[in-house]
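Numbering (this note's numbering), first residue to last: 19 to 262.
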Amino acid sequence: MRQMWPDLSARSTEPEWMDIEPIGMLDFAECLADLETVNRLTRAAAPTMAFLDKATAGWPSGAELRVADLGYGQGAMLRRIHGWAEARGLRPRLTGVDLNPQCRALAKVRTPEGMAIDWHEGDLFDWEPAEPPHFIISALFTHHLPDADVARLLRWQDASASHGWFVNDLHRHWLAWAGFRALAGAAGWHRFVQHDGALSVRRAFVKREWETLLQGAGIGDAEIRWHVPFRLCVGRLKAAPAPV
Ligand SMILES: C[S@@+](CC[C@H](N)C(=O)[O-])C[C@H]1O[C@@H](n2cnc3c(N)ncnc32)[C@H](O)[C@@H]1O
């Protein structure tokens with residue numbers, strides 16, 4: 019008999035279609051557009067924006083803000099940060115890192131002229147920033163990695179970001195899995211979004227796993243926080259002076 023409920027006792031190692039299935043450009047554009055709709059409906063950017071808001075409180079007008087976004091997809095988060103930073107009087111210098119060349123092409127097309135964002139193509143573990151970012155962020159990214167790479171990522175971003183970092187990912191929970199499947203089926207979203215969205219929940223984390231990963235990476239003062247609906251985010255703010 020076909021199993022109704024997946025085993026959520028441990029992270030799934032099943033690969034997401036997005037990571038292994040070849041897909042044409044127009045088809046992929048539809049996939050990422052639907053992913054952006056999911057993100058908008060679930061207010062997915064809110065925890066990251068709240069982190070940046072808090073992290074830059076008191077920064078003087080005109081200060082440079084360097085942010086790197088890992089696994090940017092089609093780049094909506096950095097475009098949003100760009101608008102927010104300018105409204106705050108900061109000078110955004112933003113870099114995205116994504117290994118999929120189709121993401122870079124789509125991010126460039128979706129970015130208005132005059133909004134300078136460096137869309138880097140490549141594996142994040144090969145990326146060497148020219149200048150240390152103040153903040154390294156990611157969304158729906160860490161669950162793509164096996165545990166060993168998540169631990170490596172935590173160590174790397176903690177050493178590389180001068181002011182802090184924020185991981186915005188999912189909580190592995192049956193309600194998130196069932197709820198997403200029901201919503202995605204009803205909305206008729208792209209087949210990759212339907213498949214990978216539900217699988218992303220199964221590949222995602224629970225709090226005690228983040229605690230173990232942070233401990234393994236030697237990071238003692240990160241905050242793990244749950245956000246509606248079923249985002250489990252991890253962030254660390256360093257005690258570093260505001261840039262002038
Ligand atoms: C589910 S998408 C998330 C897109 C976007 N951040 C969002 O919140 O919608 C995950 C992204 O991570 C990228 N990715 C996966 N492994 C990567 C790696 N090792 N280095 C850089 N990017 C990677 C994929 O190409 C994909 O664009």
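Ideal Cβ positions, reconstructed from N, Cα and C, are used throughout, including at glycine. Predicted, not measured: the structure shown is a model, and the values here were computed from it.
7 Å CB neighbourhood of residue i in its chain, flanking five on each side removed
i, result
"P65", "N186, H245, R249 and C251"
"G215", "V56, F198 and A202"
"G234", "A169"
"A47", "L124"
"V262", "P78 and A81"
"E149", "R84"
"E104", "P110"
Start-to-end residues for the alpha helix (DSSP H) that takes in residue i
i, result
"E34", "It is not in any alpha helix (DSSP H) - E34 carries neither H nor E in the DSSP assignment."
"M22", "Here M22 belongs to no alpha helix (DSSP H), and DSSP marks it neither H nor E."
"A64", "A64 to A73"
Pair within 8 Å by beta-carbon distance, residue i and residue j
i, j, result
"W207", "D52", "yes"
"L26", "R221", "no"
"L88", "V115", "yes"
"L142", "R111", "no"
"L96", "D165", "no"
"E32", "L255", "no"
"S101", "I135", "Looking at the sequence provided, one finds Gly at residue 101 rather than Ser. Not closer than 8 Å, so no."
"S178", "H152", "no"
"L171", "V219", "no"
"T74", "P247", "no"
Assigned secondary structure, residue i (DSSP; H/G/I helix, E/B strand, else coil)
i, result
"F153", "strand"
"E139", "strand"
"E272", "Because residue 272 is not part of the residues shown, which for the chain are 19 to 262, the question remains open."
"D214", "helix"
"V252", "strand"
"A51", "helix"
"D87", "strand"
"V127", "helix"
Contact set for residue i: own chain, Cβ-Cβ below 6 Å, skip 5 residues either direction
i, result
"F210", "W35, M36 and C49"
"R243", "C251"
"P119", "E139"
"Q175", "I154 and W183"
"V275", "A question about residue 275 goes unanswered here, because the residues of the chain that appear run from 19 up to 262."
"M19", "Residue placement at M19 is poorly supported in this model, since its pLDDT is 47, which falls under 50; the coordinates still yield a value, given next. Answer for M19: no residue qualifies."
Where the beta strand (DSSP E) containing residue i begins and where it ends
i, result
"E241", "E241 to H245"
Residue i at chain D interface by Cβ criterion, 8 Å
i, result
"D45", "The question asks about chain D, but that chain is absent: this structure has only one protein chain."
Sequence-distant residues of the same chain with beta carbon closer than 8 Å to residue i, five excluded per side
i, result
"G265", "The question about residue 265 has no answer, for the chain in this structure spans 19 to 262."
Contact test: residue i Cβ vs ligand 2 heavy atom, cutoff 7 Å
i, result
"F198", "By its list of ligands, the structure shown excludes ligand 2, since it contains just ligand 1."
Exercise for review: Identify every run of the alpha helix (DSSP H) within the region 93-125, keeping only runs that are complete inside it and at least 4 residues long; order them along the chain.
Suggested key: Counting whole runs of 4 or more residues, the region 93-125 contains the alpha helix (DSSP H) stretches 94-105.
Exercise for review: Give, in chain order, every unbroken run of the alpha helix (DSSP H) that is at least 4 residues long and sits entirely within the region 177-206.
Suggested key: Within the region 177-206, the complete alpha helix (DSSP H) segments at least 4 residues long are 192-205, listed from N- to C-terminus.
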